[in-house]
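Comments concern the structure below.
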Amino acid sequence: MFVPEHRVLNTQLIGGGPSPGSAVNPHALYKVPPWSVGTKVFSGPALGIARGALELVVEEMRTRLSVGGVKMAEVPTVQVRVAEALAEIEAAHALLLKDCEDAMTFGETGERAPLELRGRWRLNNAFAGQLCLRAIERLHPLAGARGINDPDSLFLLAWRDIHAAVSQITMAWDIQAVNAGRIMFGLASLDPRL
Numbered sequence: 633m634f635v636p637e638h639r640v641l642n643t644q645l646i647g648g649g650p651s652p653g654s655a656v657n658p659h660a661l662y663k664v665p666p667w668s669v670g671t672k673v674f675s676g677p678a679l680g681i682a683r684g685a686l687e688l689v690v691e692e693m694r695t696r697l698s699v700g701g702v703k704m705a706e707v708p709t710v711q712v713r714v715a716e717a718l719a720e721i722e723a724a725h726a727l728l729l730k731d732c733e734d735a736m737t738f739g740e741t742g743e744r745a746p747l748e749l750r751g752r753w754r755l756n757n758a759f760a761g762q763l764c765l766r767a768i769e770r771l772h773p774l775a776g777a778r779g780i781n782d783p784d785s786l787f788l789l790a791w792r793d794i795h796a797a798v799s800q801i802t803m804a805w806d807i808q809a810v811n812a813g814r815i816m817f818g819l820a821s822l823d824p825r826l
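Here is the structure:
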């Protein structure tokens, strides 16, 4: 496939601050580092998957009865699981929102964010994914046999989707944690695009 030279962009040139295209697209969004903050395109869906799974489980628990006839919504351990899942999801959202706000501040000034901050944005992205994964794993026992074995189960779909989402390289916790740790110690980033 032939790609004309004027349609080619060296990804090393878009690490934040002035870049090809930012002169004709003056909005701050074109000045934020896509390899640091643009990775939110993967964590955003993870957040939605986790929120959807929580809503499914809460709705199911409202009407489900235990074998002994107890309303599941009145069982303290069920209440704790949904509350912890909600806290994890809200924490992930707050973390992602803070990163986006910080990145837009740099985009508005045109300054390039320091490497340590860019590495932290990527770390936070992966950690938000882990929080969403933990929320769904926490809800998993409440889904029951139907939620686990029924191929049409929306909870099962959410469980599979969150595992797929956090497997994406910019969401892979071990990789992003190692890289952020390296940067904190003054070592070179493992990702030159960062």
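Residue numbers (this note's numbering): 633 to 826.
We put the beta carbon where it would ideally sit given N, CA and C, even for glycine.
Query                                                                                                                                                                                     : Result
In the structure shown, what three-state DSSP assignment does L630 receive?                                                                                                               : No information on residue 630 is available, as it lies outside the stretch 633 to 826 that the chain covers here.
Could you tell me the distance, in whole angstroms, from the CA atom of Q800 to the CA atom of D823?                                                                                      : 15 Å
Taking DSSP as the reference, what is the three-state secondary structure of L819?                                                                                                        : coil
CB-CB under 7 Å to L686, same chain, minus the five flanking residues each way: which ones, in chain order?                                                                               : V714, A717, L718, I721, A767 and L771
Return yes when the Cβ of W791 is within less than 9 Å of the Cβ of A775, no when it is not.                                                                                              : yes
Specify, as a first and last residue, the run of the alpha helix (DSSP H) that P708 falls within.                                                                                         : P708 to T741
Just curious, the alpha helix (DSSP H) that H795 is in, first and last residue?                                                                                                           : L786 to A797
Quick check on I646: buried or exposed, where buried means 16 or more other Cβ atoms within 10 Å of its Cβ?                                                                               : buried
Determine the DSSP secondary structure at L641, reduced to helix, strand or coil.                                                                                                         : coil
Identify, in the order they occur along the chain, each residue of the same chain with its Cβ nearer than 8 Å to the Cβ of W805, setting aside the five sequence neighbours on each side. : A758, F759, G761, Q762 and V798
With a threshold of 16 other CB atoms inside 10 Å of the CB of M633, please say whether the residue is buried or exposed.                                                                 : exposed
Below 7 Å CB to CB, which residues in the same chain sit around S654 once its five sequence neighbours on both sides are set aside?                                                       : Y662 and K663
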